[in-house]
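Student: The sequence shown begins at 78 in our numbering and counts up by one. Structure below; questions to follow.
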Amino acid sequence: MKKILASNVVLLTMLFFLSAARPLAAMSVNFYDLSVEIPEGWSFRQGEQVLIYNQNESAAVIVDQAATTRSGTVKSVAENLADAVGVKKNDIRRDKKGSLRLDFVQNGEPVNVRVLESRGRILMVYVFGKDAEANKIAASIGEKSAAGH
78 MKKILASNVV LLTMLFFLSA ARPLAAMSVN FYDLSVEIPE GWSFRQGEQV LIYNQNESAA
138 VIVDQAATTR SGTVKSVAEN LADAVGVKKN DIRRDKKGSL RLDFVQNGEP VNVRVLESRG
198 RILMVYVFGK DAEANKIAAS IGEKSAAGH
């Protein structure tokens, strides 16, 4: 009887931990008239900029509205950012979605920035740290499927 009770306790404990470890559905957050999926374990804060970061704060995505399409262009914003961080204008590249991208190192950490136009806004999407999930989140910002077009 004690063996059965002990094995049931072990089984129930294992089931409890397995159910607790199961990933939950992604959370959808809205900003700048966009909707973006944030995976479990990531947090979202919005002030003047949008901050999306993982629980151990080893990677982050920051979204900032740099201008509107009335006051600037994607190219001018990318070139101004390149000047500010010491990236040569020739190192700015266009990705397959039409956004402009540049990479640099800040405080020893890799930073990549995507400059894009979305709904009349020119957004800068920064990824700090090397994290596949952060890159996936950043890539989804401004996508038609993520934006609900």
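All C-beta atoms, glycine included, are put in the ideal place defined by N, C-alpha and C.
Please report the straight-line C-alpha distance between Ala209 and Val162, rounded to a whole angstrom.
Tutor: Whole-angstrom Cα-Cα distance: 24 Å.
Student: Helix, strand or coil for Ser176, going by three-state DSSP, please let me know.
Tutor: If DSSP states are grouped into helix, strand and coil, Ser176 belongs with coil.
Student: Could you give the distance in angstroms between the alpha-carbon of Gln142 and the alpha-carbon of Asp160?
Tutor: In a straight line, the C-alpha of Gln142 is about 18 Å away from that of Asp160.
Student: Short check: CB of Val138 to CB of Val202, under 9 Å?
Tutor: Closer than 9 Å, so yes.
Student: Label Arg191 either buried or exposed according to how many other C-beta atoms from any shown protein chain fall within 10 Å of its C-beta, with 16 as the threshold for buried.
Tutor: By the neighbour-count rule (16 or more Cβ atoms within 10 Å), Arg191 is buried.
Student: Let me know the secondary structure DSSP gives Ala136 once reduced to three states.
Tutor: Coil at Ala136, not helix or strand.
Student: Suppose you measure from the CA of Glu194 to the CA of Leu200; what does that come to, to the nearest Å?
Tutor: Their backbone Cα atoms lie some 6 Å apart in a straight line.
Student: Can you have a look at Asn131 and say buried or exposed, based on whether 16 or more other CB atoms are within 10 angstroms of its CB?
Tutor: So Asn131 ends up on the buried side.
Student: What residues are listed by DSSP as bridge partners for Asn107?
Tutor: Answer is Ser112, bridged to Asn107.
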